[in-house]
Structures are given as C-alpha cells and as structure tokens.
Amino acid sequence: MSKVAVLADSGCQIEIQGDHPGIYIAPLTITMNNKTYLDQLEIQSLDVFKAMEQDEKLMVQTSQPSTGELVKTLEQIKADGYDEVIGIPIATGLSSTLNGMKVAADMVGLPITLVDSKGTAREQRELVLTAHSLLEKGKQIDEVVPVLEDMIAHSGTIIMVPNLEHLKRGGRITPAVARLAGLLKIVPVMELNYELGGKIDSLAKVRTLKKATRKLADRAIEKGANAANYKFAIEHVLCEESALELKAYLESKIGACDVLVRELPAVVGAHMGIGGVGLQFVKSEG
1 MSKVAVLADS
11 GCQIEIQGDH
21 PGIYIAPLTI
31 TMNNKTYLDQ
41 LEIQSLDVFK
51 AMEQDEKLMV
61 QTSQPSTGEL
71 VKTLEQIKAD
81 GYDEVIGIPI
91 ATGLSSTLNG
101 MKVAADMVGL
111 PITLVDSKGT
121 AREQRELVLT
131 AHSLLEKGKQ
141 IDEVVPVLED
151 MIAHSGTIIM
161 VPNLEHLKRG
171 GRITPAVARL
181 AGLLKIVPVM
191 ELNYELGGKI
201 DSLAKVRTLK
211 KATRKLADRA
221 IEKGANAANY
231 KFAIEHVLCE
241 ESALELKAYL
251 ESKIGACDVL
261 VRELPAVVGA
271 HMGIGGVGLQ
281 FVKSEG
C-alpha cells in the first residue's frame with residue numbers, strides 16, 4: 001500500500017512550520033517595493049495589509065511558489081518515505097500553482113494526483129484536512145478524490161470589494177471598469193466562478209456597503225449553504241467590524257453555525273484591498 005502525502009500552498013492558511021505530519025505546505029510569493037518574500041515564512045498577511053494601509057499606492061504582486069520551493073518540499077516528502085502525493089493548490093483561476101506542482105513532481109520523480117481546489121483560504125484548508133484524514137483512515141487516492149470533488153462542487157466564495165484600485169493594478173479588472181464603479185459609487189459583489197477554475201466573476205452591483213455585505217450571505221444561502229452541512233469563513237482585509245456584522249447577519253438567517261472570522265490570505269487580500277470581505281462556504285465531508 002502506497003504512503004501518500006498531501007501537498008498544498010500557503011493560501012490554505014495551514015502554518016508552514018506547524019506540526020502536521022503528512023501535510024506539506026509550499027510558500028506562495030509576495031513582492032513589495034521590489035523585494036520578494038515567502039508567504040508565512042518571511043511575511044504574514046497582516047504585515048502586507050498594514051503596509052497597504054500606510055501607502056495607498058503600494059503595488060503588491062503575488063505569484064505561485066517557485067519551482068525551487070516546490071522541488072524542495074517534494075524532496076522532503078520523498079525523504080520522509082512517501083510514495084505518492086495528492087496536490088491541492090489554490091484555484092487555477094487565481095494562480096498557476098497546479099501546473100507548478102506537476103512540473104516539480106516530475107522533476108523529483110514522485111507520482112502526483114492534482115485536485116483543483118477552485119478556491120483558497122478555509123475552503124482549500126478543509127479540502128487538505130479532509131484528504132489527510134481519509135488517508136490516515138486507510139483510504140486510497142481513488143477513494144479520496146471523489147470526496148474532495150463533491151466538497152468543491154458544493155462550495156463557494158463570494159467577495160465584496162469597496163475599492164477596485166487594487167484589482168485594477170493587479171490586472172484583474174480593466175481601468176475603465178474601476179473608473180466607472182468609482183463614478184457611480186457602486187460596491188461590486190463578485191464570486192469565484194468554479195466552472196472557470198475559480199476566476200473572479202461579477203455577481204451584483206449595489207449602492208451601499210451594508211447591502212453588499214448582506215448580499216454575500218444571501219448568495220451563499222441561495223446556493224444551498226446551511227448550518228447543518230456546511231462550514232463557513234468570513235475573511236477580510238483590516239475590516240473586522242464589517243466581518244463581524246456579516247457573521248451576525250448570516251447567523252440571523254440560518255442560526256448558529258461553524259464560522260471562522262479572520263484575515264484573508266495575503267495573496268488574495270493584496271488584490272482586494274483594504275475593506276475587502278469574503279464569505280466562503282464549504283460542504284462538510286459526507
């Protein structure tokens with residue numbers, strides 16, 4: 001029977017230096033002021049967001065783990081006695097990490113099965129933890145992958161971005177769209193389109209932050225998320241008050257639920273900008 005490790009990137013918010021045998025995390029990269037940092041190892045999300053808060057024109061660039069870091073991680077997996085790998089990277093619509101994992105695994109000579117998370121943050125984290133749990137119970141890769149795919153099919157990410165400047169700088173939207181939204185005082189609500197590998201897609205345009213925030217919860221409920229079968233995350237960029245208001249609204253609609261409130265991963269929050277809020281819902285295993 002093969003010994004299988006789980007490989008992810010730091011977008012899943014599992015600590016790279018934490019004690020979690022069988023789970024390996026490669027750091028995404030963040031570049032600010034012409035200096036590149038390894039996510040979680042050399043810089044944390046709050047460091048990035050506070051720098052953005054101090055300098056509104058700061059350009060933050062993000063990218064997949066380098067081939068060198070992926071090879072280093074996979075070599076460690078091999079040295080630890082694993083024969084195969086399940087790779088669960090950040091959404092292909094947001095990053096090329098999936099392809100990078102495949103290239104690095106080929107270089108190291110480890111068979112790898114790749115599952116596009118089509119998301120990041122808590123959704124990706126739950127996929128990683130579920131895969132690891134099933135492997136620990138003796139499940140084989142061909143038994144684990146369908147469980148993960150079902151979770152992905154019943155999960156979602158909806159975001160609200162008060163200021164489109166950072167999305168414009170990162171090339172996620174055109175300058176014309178950003179300018180028009182600013183002139184009309186529109187607060188866009190978007191979601192990750194899972195049919196497109198997790199690319200950012202427009203959902204609604206509302207006039208107030210309160211309406212935009214509530215739209216996140218309404219959309220999750222519309223798509224079937226509930227307190228009994230789902231876990232939630234409300235993640236933000238230096239706007240905890242808005243995140244907590246969203247949590248209260250969500251619970252007023254569906255009752256007490258498993259909901260985590262925390263900051264977004266730097267590689268996502270850097271493009272959403274200060275005030276950005278995301279709501280994730282992920283179906284529990286089974």
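Under full-length UniProt numbering, the sequence shown has 230 at position 230, and the numbering climbs by one with no breaks.
We treat Cβ as the ideally placed atom computed from N, Cα and C, and that holds for glycine.
Straight-line measurement puts the Cα of GLY18 at about 18 Å from the Cα of ALA266. For TYR37, DSSP records a beta bridge to ILE30. Nearest neighbour of LYS253 by Cα position, chosen from ILE141, ALA225, TYR82, turns out to be ALA225. Considered as a whole, the segment 66-115 harbours 67-79, 97-108 as its complete alpha helix (DSSP H) runs of no fewer than 4 residues, in chain order. Here HIS20 carries a coil assignment [DSSP, helix/strand/coil].
Under the DSSP definition of a beta bridge, VAL189 partners with MET160, ALA204. Apart from the 5 residues on each side of it in sequence, THR97 sits with its Cβ closer than 6 Å to the Cβ of ASP9, GLN64, PRO89, ILE90 in its chain, given in chain order. One alpha carbon belongs to SER242, the other to GLU235, and they sit about 10 Å apart. Per DSSP, ASP55 lies in no alpha helix (DSSP H) segment and is marked neither H nor E. Annotated as proximal: THR92 and GLY197, with beta-carbon spacing under 7 Å. Taking the C-beta atoms as reference points, LEU279 is found no nearer than 7 Å to ALA204. One thing to note: THR67 has its Cβ no nearer than 7 Å to the Cβ of ALA270. The C-beta of GLY109 has fewer than 16 other C-beta atoms within 10 Å across all chains shown, which makes the residue exposed. Contact check for ALA26 against LEU70 passes: the beta carbons are separated by less than 7 Å.
Setting aside the 5 residues that flank it on each side, LEU246 is surrounded in the same chain by THR213, LEU216, ALA217, ILE234, VAL277, LEU279, each with a C-beta closer than 7 Å to its C-beta; the list follows chain order. In the structure shown, GLY119 falls within a coil segment according to DSSP collapsed to helix, strand and coil. When DSSP reads this structure, THR62 sits in a beta bridge with ILE30. In this structure, ASP116 is the residue among MET32, GLU251, ASP116 with its C-alpha nearest to the C-alpha of CYS12.
According to the DSSP assignment, LYS139 belongs to no beta strand (DSSP E), since it is labelled neither H nor E.
Note: ILE221 is not bridge-paired with any residue in the DSSP secondary-structure output.
In the three-state DSSP reduction, VAL267 falls in the helix class (H, G or I).
By the neighbour-count criterion, in which 16 or more other beta carbons inside 10 Å mark a residue as buried, ALA153 falls on the exposed side. As computed with DSSP, HIS236 is found in a beta bridge with GLU263, VAL277.
Here DSSP, grouped into helix, strand and coil, assigns ILE14 to coil. A straight-line Cα-Cα distance of about 33 Å links MET272 and PRO21.
For LEU7, the enclosing beta strand (DSSP E) begins and ends at 4-9.
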